[in-house]
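> Would you mind keeping the following structure in view while I ask a few things?
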Amino acid sequence: MTKTLIALLIGALLVPAAHAGEAAAMPKDLPAYAADKPLPVPAISKQTLDNGLTVWVVPRNGMPRIDFVLAFQGAGLAADDPAMPGFASTLAGLLSEGSDQRDSKAIAEAAQGQGGSIGAFASNDGLTVAADALASNAEPMLALLAEVARTPSFPENEVALAKANALQGLKAAEAQPGFRAERAILKAVYGEHPYARTQNTEAGINAITREHLVAAHRQRLRPDRALLVITGRVDPERAFTLAKGAFGDWKAEGKAAAAIAASATTATPRFVHLERSGSVQSALRVGRPSVPATDADHIPLRVASTILGGGFSSRLMQNLREDKGYTYGAYLGHRSLAAGGALIAGADVRNEVTGAALGEVLAEYTRLGAEAVSARELDMNKRYIAGGYLISNQMQAAVAMTLANNWLSGLPPEFLGEFVPKVRAVDAAQVQAIGKKYFAPAQQSIVVVGDAAVVAQLKDYGKFETSK
Amino acid sequence: MSAMRSPKLLPFLIGLTLSASSLASDVDRFDLPIAVKTLDNGLTVVVSEDRSAPVVGVSVVYKVGMRSEPKNRTGFAHLFEHLMFEGTPNAPEGTFDKVISGGGGRNNGSTRPDFTNYIEIAPVSALEPILWLEADRMKTLDFSEKTLKNQQDVVKEEIRVNVKNQPYGGFMWIDISQQAFSKWENNHDGYGSFVDLESAKLDDVRAFHRDYYGPNNAVLSLAGDVSPEEGFALAEKYFGKIDQRPTPKPADFSEPLNTQEKRITQSDPLAQVPAVAVGYKIADRGSPDQAPIAVLAEVLAGGDASRMYQGLVKGKEMALNIDSLFGLTGPFEYDGPTLLTVFALYKPTVQADQLLAEMDAQIAAIVKDGVSDAELARVKTAMLADWNNSLESFLSRADTLAKFQALWGDAKVANRVPAWIQAVTSDDLKRVAAKYLTVANRTVIDRKPAAMLATDAEKK
Chain A
606 MTKTLIALLI
616 GALLVPAAHA
626 GEAAAMPKDL
636 PAYAADKPLP
646 VPAISKQTLD
656 NGLTVWVVPR
666 NGMPRIDFVL
676 AFQGAGLAAD
686 DPAMPGFAST
696 LAGLLSEGSD
706 QRDSKAIAEA
716 AQGQGGSIGA
726 FASNDGLTVA
736 ADALASNAEP
746 MLALLAEVAR
756 TPSFPENEVA
766 LAKANALQGL
776 KAAEAQPGFR
786 AERAILKAVY
796 GEHPYARTQN
806 TEAGINAITR
816 EHLVAAHRQR
826 LRPDRALLVI
836 TGRVDPERAF
846 TLAKGAFGDW
856 KAEGKAAAAI
866 AASATTATPR
876 FVHLERSGSV
886 QSALRVGRPS
896 VPATDADHIP
906 LRVASTILGG
916 GFSSRLMQNL
926 REDKGYTYGA
936 YLGHRSLAAG
946 GALIAGADVR
956 NEVTGAALGE
966 VLAEYTRLGA
976 EAVSARELDM
986 NKRYIAGGYL
996 ISNQMQAAVA
1006 MTLANNWLSG
1016 LPPEFLGEFV
1026 PKVRAVDAAQ
1036 VQAIGKKYFA
1046 PAQQSIVVVG
1056 DAAVVAQLKD
1066 YGKFETSK
Chain B
53 MSAMRSPKLL
63 PFLIGLTLSA
73 SSLASDVDRF
83 DLPIAVKTLD
93 NGLTVVVSED
103 RSAPVVGVSV
113 VYKVGMRSEP
123 KNRTGFAHLF
133 EHLMFEGTPN
143 APEGTFDKVI
153 SGGGGRNNGS
163 TRPDFTNYIE
173 IAPVSALEPI
183 LWLEADRMKT
193 LDFSEKTLKN
203 QQDVVKEEIR
213 VNVKNQPYGG
223 FMWIDISQQA
233 FSKWENNHDG
243 YGSFVDLESA
253 KLDDVRAFHR
263 DYYGPNNAVL
273 SLAGDVSPEE
283 GFALAEKYFG
293 KIDQRPTPKP
303 ADFSEPLNTQ
313 EKRITQSDPL
323 AQVPAVAVGY
333 KIADRGSPDQ
343 APIAVLAEVL
353 AGGDASRMYQ
363 GLVKGKEMAL
373 NIDSLFGLTG
383 PFEYDGPTLL
393 TVFALYKPTV
403 QADQLLAEMD
413 AQIAAIVKDG
423 VSDAELARVK
433 TAMLADWNNS
443 LESFLSRADT
453 LAKFQALWGD
463 AKVANRVPAW
473 IQAVTSDDLK
483 RVAAKYLTVA
493 NRTVIDRKPA
503 AMLATDAEKK
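If you want it as structure tokens, here you go:
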């Protein structure tokens, strides 16, 4: 019998009954929600400098703080040489470890003295430098941001230290079950696509040289592929003037890298057991590729994945935690990127219930396509997502970061304000169709990090290969 | 206040608030509007209005935590916190989360040595249902065997995922407290033993709720799109009819600074890189030393510009990181014996003794020379900004004010913290470094990968 058939049969057997709580009436004297207030949509002033740098300003009148987010498209982990996975993280980390004007210590002290911070990180689709400071220090902090982004010096001693610490950091991370599980599920979901290679390796770290960093900086951090978002107590005209002063004379050199090829939207499921001797829990991950952020399915996928695995009221949490007591937490996320996406669920469960927990996850997957979600549950989840937008929007830096992340994944600035109305428009038939299209158990890869003894519980879910 | 043990020290700190901030421009000041009212049943209500977003943060802080749990029930305060989400006679299991999620909100709870907090953030349209739910579970719970068993299982999974299945297993807060303190209230494992957790009975749950979860032992705090008048009226409407309940007097869990160093080496079966935690007992809440200790921690271990980061991660290149923590809370959010702990992963080529010697040299330099005006100004500016940032989210704003009301007896203390920090001098830092960051007052755990420890043993 094929793996696919086995998975289908199990899914069919384990469709759980609807939760009793769902049908139960609400307490009779519980007050109703008040009417929703109008959705606040940030006003974004936009300008593009002559060198191609896009600048967006979102004035806010809250905290006495200014936030800058400078994002570079195509400069992230997906652009890394397969022989040096995770390179973009090292590149990002070293930007603030020395510039043509200051050494690492002086940069840290400058940020501290402005009541702020500066730091960079790499994601799949980009490299982002973020800085903030007390409102009165907007100008010097923007100058520091420009210095770090434009003229990092990559001192040899800092490069050597970063590599040495990355090697130790990698050793420490390998001891965590979640780190190994993430690597394996990404490999299963993305195969040979660069999105599978976001963690560094010992060989890759050892291969990094100062020359690699200098060359990658020149090619990847360039104004014609950059967005600067400024939020805080500043008016747009002054913000544009500041941005021109800090970045106006910056010229791109050479050719930018080609865009990342699209990743496949389907994958042959893989079943991986990573042995972790003496582990008292199994780290379970269930995943498959999905679609890019710009795909029409993105919004209904967000709704469907929230119903299944977003927050305490989600089906996975209610089933695996609140009903069965298998886990501290079960979750599912739709990771939508510029060139692809993934649906990845996870839970860490005690050894004895490894197989049973996996069965429940897959049963919930099946149920999403098998029956229409009730109006009440759908409404709860749509309001939960809308609430998340409002809560995030209250935070100044979160607005800047969301705008930058949307831009990195190919979405226009208007997406921020359109997101909630689009979520509200999703109906039960769409959710069920998404369930059928993306959540059939036969399409899912499974990774289990745990003791060798748990493998016996996995035989009904696929032909697992064990590796150390 | 059930646990204010040093009220005599309060005037010292209050006196400090008069010195105005000169470290940064006035535009950088972030004073919160804070209104406080106590209902007839003893529930204290705090409201901080901010109309910048149609969102509200809610925090209910109960003045009970790990220190006050029954002696044969380690982990009970935390298990009880979980049960607060598991239903009441009016709102069966599942209702709580559904109502808050359906209102667009997020909720959580956490247990600390001196308090337990229950927090929500949501669009303001969900405020009344949230207050109804909080009041409902303050009255009573449904005390069900089924949910008790379920949450015993969930808590054990929480301990597995955070402690037993993780390298380092939280030793920088669990084990270090067990080693550093002498009284049971301060040195038992607040996550709990599995035996004690499994022994918990419904009668324990009933008694704990009755004794510690009355309105007179709680603070309700709201921050965001709500005025004090609205907030007080809603508090009266939903909580006003809940009866007071007598709260047991806390044991005397005070203890002096340690007079002899404790050194422990632990074997970690999962870790691949060695780590060290160095815990120092610090001043009581309200002591004039409290703010100087907060600044000292920042000078030594607060971020990339700090002395230990520059000296040990950079400089000598011995450590991978330097982190500092005040138990499980912050420098102003405790009300009993607490540790300032420095935690670092270090390179296998280095011995813990070398790391400690380097830390001691950094401390000795402050005891001898203090810190320069420029460094002190920089650190204070960073702390002011961090303080502002920590209050940006309406959730953390409501929660911080609730904790200050519960621990200090006055939420308005939160607006004084920036001035306390500003008033700290180099001489203060010399004094508190010499008094608290001593070898005699410290507890050290050297946590080594099991394989490395076995190799060490062979060499000997």
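For the protein sequence lines, the chains are A and B, in the order given. Per this note's numbering, residue 606 is the first one in the first sequence, and the count goes up by one each step. Per this note's numbering, residue 53 is the first one in the second sequence, and the count goes up by one each step. For glycine and all other residues, C-beta sits at the position ideal for the given N, C-alpha and C.
Of the choices PHE378/B, GLY379/B, LEU380/B and GLY363/B, whose alpha-carbon is the least far from that of ARG372/B?
Residue 372/B is actually Leu in this sequence, not Arg. Closest by alpha carbon: GLY363/B.
> When you compare only the Cα positions, how much space is there between LYS60/B and ARG337/B?
Here LYS60/B scores only 30 on pLDDT, less than 50, and its place in the model should not be relied on; the value that follows carries that caveat. LYS60/B and ARG337/B: Cα-Cα distance of roughly 11 Å.
> Would you say TRP184/B lies against chain A (beta-carbon separation less than 7 Å)?
Yes, TRP184/B lies at the interface with chain A (some Cβ there is under 7 Å from its Cβ).
> What span of residues does the beta strand (DSSP E) with PRO501/B cover, start to end?
From DSSP, the beta strand (DSSP E) with PRO501/B extends over 494-501.
> Would you report the Cα separation of ARG359/B and LYS1027/A, rounded to the nearest angstrom?
The alpha-carbon atoms of ARG359/B and LYS1027/A are separated by roughly 50 Å.
> Am I right that ARG893/A and VAL794/A are in contact with their C-beta atoms under 8 Å? What's the rounded C-beta distance?
The Cβ separation is near 6 Å, so the contact holds.
> Indicate whether GLY156/B and GLU172/B have their beta-carbon atoms separated by less than 7 Å.
No, the pair does not count as a contact, with Cβ atoms beyond the cut-off.
> Roughly how many angstroms lie between the CA atoms of ASN441/B and THR507/B, to the nearest whole one?
The alpha-carbon atoms of ASN441/B and THR507/B are separated by roughly 46 Å.
> Determine the burial state of PRO63/B: buried for a count of at least 16 other Cβ atoms within 10 Å of its Cβ, exposed for fewer.
Legend: pLDDT at PRO63/B = 30, less than 50; position of this residue unreliable, no value from coordinates given.
> Can you tell me whether ALA76/B is buried or exposed, with buried defined as 16 or more other CB within 10 angstroms of its CB?
Summary for ALA76/B: the model assigns pLDDT 48, below 50, so the residue's position carries little reliability; its value from the coordinates is reported in the next sentence. Burial call: buried.
> Between the alpha carbons of ILE723/A and ALA676/A, how many angstroms are there, rounded?
Their Cα atoms are separated by approximately 13 Å.
> In its own chain, which residues sit with a C-beta less than 6 Å from the C-beta of ASP387/B, not counting the 5 before and 5 after it?
Here the set comprises ALA55, ASP166, ARG337 and LEU459.
> Give the range of the alpha helix (DSSP H) segment to which ASN239/B is assigned.
ASN239/B -> alpha helix (DSSP H) spans 236-239.
> By the three-class DSSP mapping on this structure, what secondary structure does PHE673/A have?
PHE673/A falls in the strand class under three-state DSSP.
> Helix, strand or coil, according to DSSP, for LEU397/B in the structure here?
If DSSP states are grouped into helix, strand and coil, LEU397/B belongs with the strands.
> Relative to the C-alpha of ALA962/A, which residue among GLY992/A, ASN924/A and VAL819/A is closest?
Comparing Cα positions, the closest option is ASN924/A.
> Return the chain-ordered list of same chain residues with a C-beta closer than 8 Å to the C-beta of LYS432/B, the five sequence neighbours on each side being excluded.
Excluding sequence neighbours, LYS432/B sits near LEU75, VAL347, ILE473, GLN474 and VAL476.
> If contact means a Cβ-Cβ distance below 9 Å, which residues of the region 658-692 of chain A contact chain B?
Answer set for the region 658-692 of chain A: ARG665, ASN666, GLY667, MET668, PRO669 and ARG670.
> Just the Cα atoms here: how many angstroms apart are ALA834/A and GLY853/A?
One detail in the question is off: residue 834/A reads as Val in this sequence, not Ala. VAL834/A and GLY853/A: Cα-Cα distance of roughly 15 Å.
> Near LYS1073/A, which residues of its chain fall below 6 Å by C-beta distance, leaving aside the five closest residues on each side in sequence?
So the list reads GLU880, once near-sequence residues are dropped.
> Name the chain B residues whose beta carbon is nearer than 7 Å to that of ALA780/A?
The answer, in chain order, is PRO219, LEU322, ALA323 and GLN324.
> So, is VAL491/B buried or exposed, given that buried needs 16 or more other C-beta atoms within 10 angstroms?
Label assigned to VAL491/B: exposed.
> Report the neighbours of ILE1039/A on chain B: residues whose CB is nearer than 8 Å to its CB, in chain order.
Result: empty, since nearest Cβ-Cβ is about 20 Å, beyond 8 Å.
> Look at MET1000/A and GLU444/B and say whether their C-beta atoms are less than 7 Å apart.
It is a contact, given that the beta carbons lie within the stated cut-off.
> Counting beta carbon pairs with one atom in the region 189-196 of chain B and one in the region 919-937 of chain A, are three or more of them shorter than 8 Å?
With a cut-off of 8 Å, the region 189-196 of chain B and the region 919-937 of chain A do not count as touching, because too few Cβ pairs lie within range.
> For a contact meaning CB atoms closer than 7 Å, what does LEU372/B contact in chain A?
The answer, in chain order, is ASN770, GLN773 and GLY774.
> Determine which residues share a DSSP beta bridge with GLN678/A and list them.
Per DSSP, GLY731/A.
> Give me the chain A residues within the contact set of ASN440/B, using Cβ-Cβ distance strictly less than 9 Å, ordered along the chain.
Per Cβ cutoff of 9 Å: MET668, PRO669, ARG670, GLY720 and LEU739.
> By how many angstroms is the C-alpha of TRP661/A removed from the C-alpha of GLN1048/A?
Going by the C-alpha atoms only, they are around 41 Å apart.
> Using the rule of at least 16 other Cβ atoms within 10 Å of the residue's Cβ for burial, across every protein chain shown, is ARG940/A buried or exposed?
Buried.
> Classify ASN269/B as helix, strand or coil using the three-state DSSP reduction.
Residue state, collapsed to three classes: helix.
> Please list, in chain order, the chain B residues whose beta carbon lies closer than 8 Å to that of MET1006/A.
What MET1006/A touches in chain B: nothing, since even the nearest Cβ is about 14 Å away.
> In angstroms, rounded to a whole number, what distance separates the CA positions of VAL206/B and TYR933/A?
If I take the Cα positions, the gap works out to 5 Å.
> Among ALA777/A, GLN824/A and VAL819/A, which residue has its Cα nearest to the Cα of VAL764/A?
Here the closest residue by C-alpha is VAL819/A.
> Compare the beta carbon distance of ILE294/B and ASN93/B with 7 Å and say whether it is the shorter of the two.
Against a cut-off of 7 Å, the Cβ pair of ASN93/B and ILE294/B comes out as a contact.
> So for ASN373/B, helix, strand or coil by DSSP?
Reduced to three states, the DSSP call for ASN373/B is coil.
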